[in-house]
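First comes the structure, then the notes that go with it.
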Amino acid sequence: MDLFISELFWIGCLLLFFGVGFFIALLQSQRSVWEELIKIDNEKVKSKPMKLLFWDILITFCLDYIKILCVIVLSIGIGLLIIISEIFNFQMRGLTPPSLDGISF
1001 MDLFISELFW IGCLLLFFGV GFFIALLQSQ RSVWEELIKI DNEKVKSKPM
1051 KLLFWDILIT FCLDYIKILC VIVLSIGIGL LIIISEIFNF QMRGLTPPSL
1101 DGISF
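For what it's worth, my numbering labels the leading residue of the sequence shown as 1001, then goes sequentially.
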């Protein structure tokens, strides 16, 4: 059988599922992050002026989420790019992708 799924295709699938799973976990943990920020807000209100407190929380929150979102976007994007390129490689060689085995167009 000439329809062999390459390792690169599986790596793309793993990256895609990792990114989607990480995004779902991020959405689930968003509530606890806001609760943590409110707790930090209550502790720092007594010691800092409100303007400095706002920027402190904003910078901490954004830096954490920017790193996480970069990992999610990169893993989903690279995963999709690899999967699409592998499907085009199958079509360029005149083969059908493995999921379409036995179906003629």
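All residues carry an ideal CB built from backbone N, CA and C; glycine is no exception.
{"Query": "Beta-carbon proximity of I1078 to L1014, cut-off 8 Å", "Result": "no"}
{"Query": "Best match in I1084, G1021, N1089, E1086 for proximity to I1068 [C-alpha to C-alpha]", "Result": "G1021"}
{"Query": "Status (buried if at least 16 other CB within 10 Å, exposed otherwise) for I1083", "Result": "buried"}
{"Query": "Distance, I1024 Cα to L1080 Cα", "Result": "17 Å"}
{"Query": "Rounded Cβ spacing between G1019 and I1072 (contact assumed at less than 8 Å)", "Result": "5 Å"}
{"Query": "Cβ shell of L1008 (< 7 Å), same chain only, five flanking positions each side left out", "Result": "I1082, E1086"}
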